[in-house]
DNA sequence: ACTGAAAGATAGTAGGC
DNA sequence: GCCTACTATCTTTCAGT
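Protein chains in written order, with UniProt numbering: chain A, 1 to 155; chain B, 1 to 155.
Below is the structure:
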């Protein structure tokens, strides 16, 4: 981690690019009232220093048949680093697993699972997730509706 | 929802752009062995038909001081549509709330909260979230480590 | 649907303030 | 750190298959 700090111009650029990664330098230079070359150099630095990790297209999941989102809370029966690491190694390989976080509290991991429907989730649960070693329990919760889903941090 | 289906070329383009939204048409045309104009037209259609919702820059949250991610499970004390809608309306306004889903099961909503640290979460909890109307309980779980966090659906 | 090529716009670089 | 000006590269359009 470098000691470099970002200023208000950097923050404004990050704010804009979090909303739309395809903005041209020209558009950003117009909004921020700086020259195109300045914007170009700032964005280069923000990437180089790791503030911007990557730019991605966000798809409409219903159009590509991911109608069901589940959160699955997993509890393991032992917490040696070997067991934890093995679970993580195996679970991230499943294409249904969009996210996996190790958590504090009454369970060990929370997974975000995307499937086409309940049948597909059931199949994932029975034939993939529940087959992994050292699982004590899995509790599943399903998304009824998406009120807010944002990738942009307020800056 | 239109009746239009996508073919293998569309799927390959979506796969590529989910990983890197800044790929040039030229690069995609090289990978897919199609002409630049073909790629250009395909991407235009994928956006127009709503497969691609938007393109965004993904930031390194630790560089911008969002070190703590919490999942907060919220239970309300009544489930009239008015109460549900009011909660949703209010909760999405908090900048700490990255995501809000209404859920099946033993609680009503799950929130993903991003703050700088536990003090900031505590402040959010006490002075923002817990002040909303009709809340019965809030249970908070904190991310210890991020094993996988992907925005790209396998296609 | 796809292609190649032209025209217009943008990214990226260099030199100066 | 920011600017103008220049060149390389890319996007976008279109006539042709």
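All residues carry an ideal CB built from backbone N, CA and C; glycine is no exception. Predicted, not measured: the structure shown is a model, and the values here were computed from it.
In terms of alpha-carbon separation, which member of the options lies closest to residue i?
i	options	result
residue 142 of chain A	A/40, A/67, A/26	A/67
residue 151 of chain B	A/146, A/54, A/120, A/145	A/54
residue 145 of chain B	A/20, A/93, A/69, A/103	A/103
residue 84 of chain A	A/62, A/94, A/133	A/133
residue 90 of chain A	B/22, B/148, B/69	B/148
residue 107 of chain B	B/138, B/69, B/117	B/138
residue 136 of chain B	B/93, B/92, B/87	B/87
residue 200 of chain A	A/124, A/13, A/50	Examination of residue 200 of chain A is not possible in this model, given that chain A is present from 1 through 155 alone.
residue 51 of chain B	A/70, A/14, A/59	A/59
residue 172 of chain A	A/82, A/13, A/4	Lying outside 1 to 155, the shown extent of chain A, residue 172 of chain A is not represented and no answer is given.
residue 48 of chain B	B/120, B/4, B/118, B/105	B/4
residue 122 of chain B	B/80, B/82, B/72, B/92	B/72
residue 44 of chain B	B/25, B/80, B/82, B/119	B/25
residue 31 of chain A	A/46, A/15, A/41	A/15
Return helix, strand or coil for residue i, following the three-state DSSP convention.
i	result
residue 93 of chain B	coil
residue 141 of chain A	strand
residue 149 of chain A	strand
residue 43 of chain B	helix
residue 103 of chain B	strand
residue 53 of chain A	strand
residue 81 of chain B	helix
residue 155 of chain A	coil
residue 58 of chain B	strand
residue 24 of chain B	coil
residue 70 of chain A	strand
residue 110 of chain A	strand
residue 136 of chain A	strand
residue 115 of chain A	strand
residue 17 of chain A	helix
residue 5 of chain B	coil
residue 11 of chain A	helix
Contact defined as beta carbons within less than 8 Å: I believe residue i pairs with residue j. What is the distance between those atoms, to the nearest angstrom?
i	j	result
residue 17 of chain A	residue 57 of chain B	4 Å
residue 70 of chain B	residue 116 of chain B	In fact, because the Cβ distance is near 12 Å, the residues do not count as touching under 8 Å.
residue 28 of chain B	residue 64 of chain A	Not quite, the Cβ-Cβ distance comes to about 18 Å (not below 8 Å), so this is no contact.
residue 21 of chain B	residue 23 of chain A	Rounded, the Cβ-Cβ distance is 11 Å, inconsistent with contact.
Considering only heavy atoms of the ligand MN, does any lie closer than 8 Å to the CB of residue i?
i	result
residue 44 of chain B	Ligands in the displayed structure: none, and consequently the ligand MN is not present.
- request: Specify whether the region 21-39 of chain B and the region 69-85 of chain A touch according to this definition: at least 3 beta carbon pairs, one from each stretch, less than 8 Å apart.
  value: no
Could you tell me whether the region 119-129 of chain A touches the region 8-17 of chain B, where touching means 3 or more Cβ pairs closer than 8 Å?
no
Item checked: the region 142-153 of chain A: positions lying closer than 7 Å to chain B by Cβ -> 142, 143, 144, 145, 146, 147, 148, 149, 150, 151, 152, 153
Cβ pair count under 8 Å reaching 3, the region 93-102 of chain A against the region 111-122 of chain A:
yes
Discussion item. Along the region 56-67 of chain A, where does the CB come closer than 7 Å to a CB of chain B? Name the residues.
Written reply: 56, 57, 58, 59, 60, 61, 63, 64, 66
Item to check | Positions along the region 101-133 of chain B whose CB lies within less than 7 Å of some CB in chain A | outcome: 101, 102, 103, 104, 105, 110, 114
- Closer than 7 Å, Cβ to any Cβ of chain A: which residues of the region 87-102 of chain B, in chain order? 88, 92, 95, 97, 98, 99, 100, 101, 102
*Could you please tell me which residues of the region 19-35 of chain A, in chain order, have their CB closer than 9 Å to any CB of chain B?*
19, 20, 21, 22
At a CB distance below 7 Å, what residues from the region 3-15 of chain A approach chain B? Give them in sequence order. 14
Under 8 Å (Cβ pairs) to chain B, residues found in the region 36-55 of chain A:
49, 50, 51, 52, 53, 54, 55
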